[in-house]
Structures are given as structure tokens and as C-alpha cells.
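Asker: Residue numbers (my numbering): 22 to 171.
Glycine included, every Cβ here is placed at the ideal spot set by N, Cα and C.
Since we're looking at a predicted model, the values are computed, not measured.
Structure (C-alpha cells):
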């Protein structure tokens, strides 16, 4: 699998920091017309014209700057914010995970499955590029459930 083997445009995934989650929800849902997905007190999934945006609440008062504005606890992992990536087909994600493991990539979050057996079941992994930018590659068992709510 490589980037050139995909003929259709896949939805992108982008996580970004916000300092007021309510204001972010108001803007993206009410102003732009995005549909909200899963959320917590610290983050909000958004259907951004078929792409997955995630607004993460980050406390800028702690002096968080640079490639990482901070992190949020998700499934017991510290998810770096910001991060970006792509949503791959399930089999392509599995292949990429095996290739990265074989190359001994230093994962921030090892490949694993979230929401197993539930709506929105997804595979995810986090690692960094040579410049330190955090990347997340993910796949959904059923791509039509990218924005599923329990």
C-alpha cells in the first residue's frame, strides 16, 4: 500500500486545539452547519463536509506551545493535540500498521481498536514525523459509521 494506490479521495481527519469548547460547538454546528458526533467535556467530533474534525479543549494558560499545544486523555492514552492524518480502508490500515511495526516506528500510541463491536468501531495509531508533528492514521470497520454516536 502506498499513497498512490488510492484512486478515490478519502475523508481527512484533523484535530485542533480550542480554548472554549462551547464556542467551538456553536461556530462549527450553528454557523457552518456541521453535524456533531461523539463528544466529551474535552473534545467534540464534527462532520466537516464529510471529513472528520475534532476540536480538543486545551488550556493555553499552561504555556503549551510548539508542535504540541497539549494532549487529551482518550482511552487511557495521551492523544497529542494538534495531530492530523487520514482515514484509510480497514485492510490498508492493517497493512500500514504491520509495515510501521516492522520498521520499529516509535509509536506515541500503538495500533489498537476503539469501540470494538460498537457503532463507529475504528482502528487507530499515533506516531510522529521527523519534525515531531503528530500523525494519526485510522480506519473504520464500517466507513459509513465515521460519525456514529453510541
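Please report the residue range of the beta strand (DSSP E) in which residue 157 lies.
Answerer: If you number the chain shown from 1, residue 157 lands on position 136. First-last of the beta strand (DSSP E) with residue 157: 155 to 161.
Asker: Rounded to whole angstroms, how far is the Cβ of residue 119 from the Cβ of residue 142, which I believe are closer than 8 Å?
Answerer: The residue given as residue 119 occupies position 98 in the chain shown. The residue given as residue 142 occupies position 121 in the chain shown. Wrong, their Cβ atoms sit about 19 Å apart, outside the cutoff.
Asker: How close, in whole Å, do the beta carbons of residue 65 and residue 45 come, if the pair is a contact with beta carbons under 8 Å?
Answerer: For this step, residue 65 is matched to residue 44 along the chain shown. For this step, residue 45 is matched to residue 24 along the chain shown. The C-beta separation of residue 65 from residue 45 comes to about 7 Å, placing the pair in contact by the 8 Å criterion.
Asker: Taking the continuous beta strand (DSSP E) assigned at residue 78, which residues delimit it?
Answerer: Residue 78 sits at position 57 when you count from the first residue of the chain shown. Element bounds for residue 78: 72 to 78.
Asker: Please report the straight-line C-alpha distance between residue 133 and residue 152, rounded to a whole angstrom.
Answerer: Taking the chain shown and counting its residues from 1, the one referred to as residue 133 is at position 112. Taking the chain shown and counting its residues from 1, the one referred to as residue 152 is at position 131. Cα to Cα, residue 133 sits roughly 24 Å from residue 152.
Asker: Please determine, among 171, 72, 78, 33, the residue with the shortest C-alpha to C-alpha distance to residue 139.
Answerer: Residue 139 sits at position 118 when you count from the first residue of the chain shown. Among 171, 72, 78, 33, the Cα nearest to that of residue 139 is on 171.
Asker: Within 10 Å of its beta-carbon, does residue 73 have 16 or more other beta-carbons around it, so buried, or fewer, so exposed?
Answerer: Reading the chain shown from its first residue, position 52 is the one you call residue 73. Answer is buried; the Cβ neighbour count reaches 16.
Asker: Would you give the residue range spanned by the beta strand (DSSP E) that residue 109 belongs to?
Answerer: By 1-based counting over the chain shown, the position of residue 109 is 88. Premise fails: residue 109 is in no beta strand (DSSP E) and is neither H nor E.
Asker: For residue 31 versus residue 107, is the C-beta spacing smaller than 8 Å?
Answerer: Taking the chain shown and counting its residues from 1, the one referred to as residue 31 is at position 10. Taking the chain shown and counting its residues from 1, the one referred to as residue 107 is at position 86. In this structure, residue 107 lies closer than 8 Å to residue 31 by Cβ.
Asker: Within 10 angstroms of its Cβ, does residue 52 collect 16 or more other Cβ (buried), or is it exposed?
Answerer: Within the chain shown, residue 52 is the residue found at index 31, counting from 1. Exposed.
Asker: Output the distance between the C-alpha atoms of residue 68 and residue 105, rounded to the nearest integer angstrom.
Answerer: Against the chain shown, residue 68 aligns to sequence position 47. Against the chain shown, residue 105 aligns to sequence position 84. Cα to Cα, residue 68 sits roughly 15 Å from residue 105.
Asker: Which whole-angstrom value is the C-beta distance of residue 155 and residue 111, which I expect to be below 8 Å?
Answerer: Position 134 of the chain shown, counted from the first residue, corresponds to residue 155. Position 90 of the chain shown, counted from the first residue, corresponds to residue 111. Not confirmed; about 22 Å, so no contact.
Asker: According to DSSP, is residue 120 part of a helix, a strand, or is it coil?
Answerer: Locating residue 120 in the chain shown gives position 99, counting from the first residue. Note: residue 120 maps to helix in three-state DSSP.
Asker: What did DSSP end up calling residue 168 once you bin it into helix, strand or coil?
Answerer: Position 147 of the chain shown holds residue 168. Coil.
Asker: For residue 168, which of 36, 47, 42, 56 has the nearest alpha-carbon?
Answerer: Residue numbering aside, residue 168 sits at position 147 when the chain shown is read from its first letter. The candidate whose alpha carbon is nearest that of residue 168 is 56.
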